[in-house]
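Q: In the numbering used here, the protein residues as written are 25 to 328. What follows is a single structure, and I will ask about it in a moment.
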Amino acid sequence: MAKDYEVASKAWGGNVKIHAYTDERIATQDFIAGECDAVFATGFRTRQFNAITTSIDSLGASSIVKDGKVDMNASYEVVRRAIQVFSSPNSTKTAINGKFEIAGIIPFGTAYPVLNDRKIQTVEDLAGKKIAAFDYDKAQAVMIQKIGAQPVSADITNFASKFNNGIVDMIAAPAAAYKPLELYRGIGTKGAINRFPIVILSYQMVINTSKFPVGFGLESRKYWSGQYDRALKLILRAEQTIPEKTWSDLTPENMIKYTIMLRESRGSIVEQGIYDKQGLSIMKKIRCSVNRADSECTPDSKTF
25 MAKDYEVASK
35 AWGGNVKIHA
45 YTDERIATQD
55 FIAGECDAVF
65 ATGFRTRQFN
75 AITTSIDSLG
85 ASSIVKDGKV
95 DMNASYEVVR
105 RAIQVFSSPN
115 STKTAINGKF
125 EIAGIIPFGT
135 AYPVLNDRKI
145 QTVEDLAGKK
155 IAAFDYDKAQ
165 AVMIQKIGAQ
175 PVSADITNFA
185 SKFNNGIVDM
195 IAAPAAAYKP
205 LELYRGIGTK
215 GAINRFPIVI
225 LSYQMVINTS
235 KFPVGFGLES
245 RKYWSGQYDR
255 ALKLILRAEQ
265 TIPEKTWSDL
275 TPENMIKYTI
285 MLRESRGSIV
295 EQGIYDKQGL
305 SIMKKIRCSV
315 NRADSECTPD
325 SKTF
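Quick look at the structure:
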């Protein structure tokens with residue numbers, strides 16, 4: 025997809041040359057140091073450049089629960105609409121933060137709870153468990169501590185090995201990570217992947233606006249918005265490769281408990297200044313446009 029972008033961007037005056045990294049931390053550092061003019065990384069990494077657009081990657085911000093079940097089609101529709109909103113000409117000011125500009129967003133898939141014990145079904149079951157938390161996403165540690173579990177420092181290069189080696193009891197990961205990171209080793213015969221979206225992840229492109237022609241960012245955002253369906257196909261294909269026996273479904277009661285827990289966690293994280301109020305307000309409006317019947321969509325609701 026990046027190679028196709030390299031070709032397409034020539035039409036907007038870009039002379040883009042892509043370079044692949046195995047560690048997005050280093051890629052981001054190179055971007056900040058000026059060694060790269062743009063970077064494409066997970067929303068967790070790009071939050072430092074734009075806290076509003078990366079609200080897509082906030083805990084439970086895209087999840088739609090109906091009748092005690094997660095409606096994944098509706099949840100991905102929230103992501104689609106959010107990308108459309110952030111990619112529109114009316115959101116140009118939102119996309120720009122100083123010299124940095126969001127130049128594209130695509131979905132990267134749902135981060136599910138990946139567990140070494142399928143008996144872990146409730147929020148209460150997680151108390152005392154060790155859960156990997158990315159150092160650079162403080163929200164994860166806040167949520168983990170809120171449920172009485174123990175956050176264990178990790179990053180994208182080692183969180184899977186910590187799970188596979190039994191250092192942590194749970195990680196959150198998308199289906200795309202299952203095979204390449206060999207998560208089946210940590211799951212073993214007793215573990216499972218709970219079919220509950222903790223967060224729907226995004227990949228976001230950030231550019232240094234001074235290095236690109238005027239209007240390039242908008243054209244780039246429109247391009248990547250048009251790649252949504254292509255990205256979603258890759259996500260769904262990855263989910264279909266996971267053996268059905270590996271999945272575990274929560275009861276409707278527990279589904280609602282998890283949803284409320286994530287909702288309350290978002291509130292705590294906003295109060296600590298980690299999440300952006302404006303961004304979460306936009307995500308709530310989009311959720312309510314998809315599922316108006318939700319209790320959070322009442323006029324007196326104060327949730328994020």
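Yeah, the Cβ is synthetic: ideal placement off N, Cα and C, and Gly gets one too. Note that the structure is a prediction, hence the values are computed from the model and not measured.
Would you please state the rounded distance, in angstroms, between the beta carbons of A163 and L256? I believe it to be under 8 Å.
A: Rounded, the Cβ-Cβ distance is 25 Å, inconsistent with contact.
Q: Contact between the stretch 70 to 84 and the stretch 219 to 237 is defined here as three or more beta-carbon pairs at a separation below 8 Å; is this criterion met?
A: yes
Q: Can you check whether the CB of W248 is closer than 8 Å to the CB of I129?
A: yes
Q: Considering only residues of the stretch 45 to 125, which uninterrupted alpha helix (DSSP H) runs meet the minimum length of 4 residues and lie entirely inside it, listed in chain order?
A: As summarised for the stretch 45 to 125, the continuous alpha helix (DSSP H) elements at least 4 residues long and confined to that stretch are 48 to 56, 67 to 70, 96 to 111, 116 to 119, given in chain order.
Q: Which residues in the same chain as M25 place their Cβ atom closer than 8 Å to its Cβ, once the five residues preceding and following it in sequence are excluded?
A: Closer than 8 Å at the Cβ level, and outside the excluded window around M25, lie I130, Q251, R254, A255.
Q: Give me whichever residues DSSP pairs with V138 in a beta bridge.
A: I195, I217
Q: Taking A32 as part of the beta strand (DSSP E), name the residues at either end of that continuous run.
A: No beta strand (DSSP E) holds A32; the alpha helix (DSSP H) holding it covers 26 to 32.
Q: Would you kindly check if the distance between the Cβ of V294 and the Cβ of E101 is under 8 Å?
A: no
Q: Considering only the alpha carbon of each residue, which of H43, S292, L139 lies closest to I211?
A: L139
Q: By the three-class DSSP mapping on this structure, what secondary structure does A317 have?
A: coil
Q: Kindly list the residues whose CB is nearer than 8 Å to the CB of G241, restricted to its own chain and excluding five residues on each side of it in sequence; keep chain order.
A: For G241, where only same-chain residues beyond five positions count, the Cβ hits under 8 Å are T116, A119, I120, E125, I126, A127, I231, T233.
Q: Considering only C-alpha positions, which residue in the set R49, E320, N97 is nearest to T134?
A: Considering only R49, E320, N97, the residue with the shortest C-alpha distance to T134 is N97.
Q: Could I get the ranges of all uninterrupted beta strand (DSSP E) runs contained in the stretch 213 to 290, with 3 residues as the minimum, in chain order?
A: 216 to 218, 223 to 232
Q: Which same chain residues end up closer than 8 Å to D159 when comparing Cβ atoms and leaving out the 5 residues on each side of it in sequence?
A: S177, A178, D179
Q: CB of S177 to nearest heavy atom of the ligand ZN: below 7 Å?
A: The ligand content of the structure shown is nil, which means the ligand ZN is not present either.
Q: Compare the beta carbon distance of A157 and I144 with 8 Å and say whether it is the shorter of the two.
A: no
Q: Using 10 angstroms around the beta-carbon of I217, count the other beta-carbons present and answer buried if the total reaches 16, otherwise exposed.
A: With 16 or more Cβ atoms within 10 Å of its Cβ, I217 is classed as buried.
Q: Buried or exposed for L260, going by 16 or more other Cβ atoms inside 10 Å?
A: A residue is called buried when at least 16 other Cβ atoms come within 10 angstroms of its Cβ; L260 does not meet this threshold and is exposed.
Q: Around the C-beta of I50, are 16 or more other C-beta atoms found within 10 angstroms, so that it is buried, or is it exposed?
A: exposed
Q: Beta-carbon separation of K153 and M194 under 8 Å?
A: yes
Q: Here's a check: name, in chain order, each residue in its chain whose Cβ is nearer than 7 Å to the Cβ of R142, leaving out the five neighbours to either side.
A: K214, G215, A216, S272
Q: Quick check: the Cα distance between T275 and P137, rounded to an integer number of angstroms?
A: Our two residues, T275 and P137, have alpha carbons roughly 15 Å apart in a direct line.
Q: Output the distance between the C-alpha atoms of P237 and C312, rounded to the nearest integer angstrom.
A: 37 Å
Q: Would you mind stating whether A173 and A151 have Cβ atoms separated by less than 8 Å?
A: yes
Q: On the three-state DSSP scale, how would you describe Q174?
A: strand
Q: Where does I168 fall in DSSP's three states?
A: Looking at I168 - three-state DSSP - the assignment turns out to be helix.
Q: Give me, in chain order, the residues of the same chain whose beta-carbon lies closer than 7 Å to that of M353; leave out the 5 immediate sequence neighbours on both sides.
A: This structure cannot settle anything about residue 353, because the visible part of the chain is limited to 25 through 328.
Q: Return helix, strand or coil for I129, following the three-state DSSP convention.
A: strand
Q: Can you say whether P113 is buried or exposed, counting buried as having 16 or more other CB atoms within 10 angstroms of its CB?
A: exposed
Q: In the DSSP assignment, what are the bridge partners of F158?
A: A178
Q: Express the C-alpha separation of S325 and V27 in angstroms, rounding to a whole number.
A: One detail in the question is off: residue 27 reads as Lys in this sequence, not Val. If you take the alpha carbons of K27 and S325, they lie about 45 Å apart.
Q: Which residue marks the beginning of the alpha helix (DSSP H) containing Y299, and which one marks its end?
A: Note, Y299: premise wrong, no alpha helix (DSSP H); not H, not E.
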